[in-house]
Amino acid sequence: MGLVESLKLTLQNKWFVRYVIGTILYWFAFNMIRAVIAYYPVVLTGPVGALFLLAGFFVFLKYPQNEISSGLELYRKKVLDKDGN
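Residue numbering for the sequence shown follows the numbering used here, starting at 2 and increasing by one per position.
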């Protein structure tokens, strides 16, 4: 089986084509965001805006951590029992 036949056979698989298109779009968007993220705090907002952007980023990262740890029930303890003692 040659290269042309292999490509034809591969491109006939619609799930693989969807996967490749999705992966290409994901990496394109990821690299666009990565290229713009350095421009935004330095040029548009200056040093003060960079601090707010950094703080907002860490707040954004904290939300999934809170959701995960609240589901694990690691740090929960009873404050009062059923009788109120």
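Positions of the beta carbon are idealized from the N, C-alpha and C atoms, including for glycine. All of these numbers come straight from a predicted model, not from anything done at the bench.
{"Check": "Separation of V18 from M2, as counted between CA atoms", "Outcome": "20 Å"}
{"Check": "Collapsed DSSP secondary structure at G3 in the structure displayed", "Outcome": "coil"}
{"Check": "For N32, the three-state DSSP class (helix, strand or coil)", "Outcome": "helix"}
{"Check": "Proximal residues to T11 (C-beta, below 7 Å), its chain only, five neighbours per side dropped", "Outcome": "F17"}
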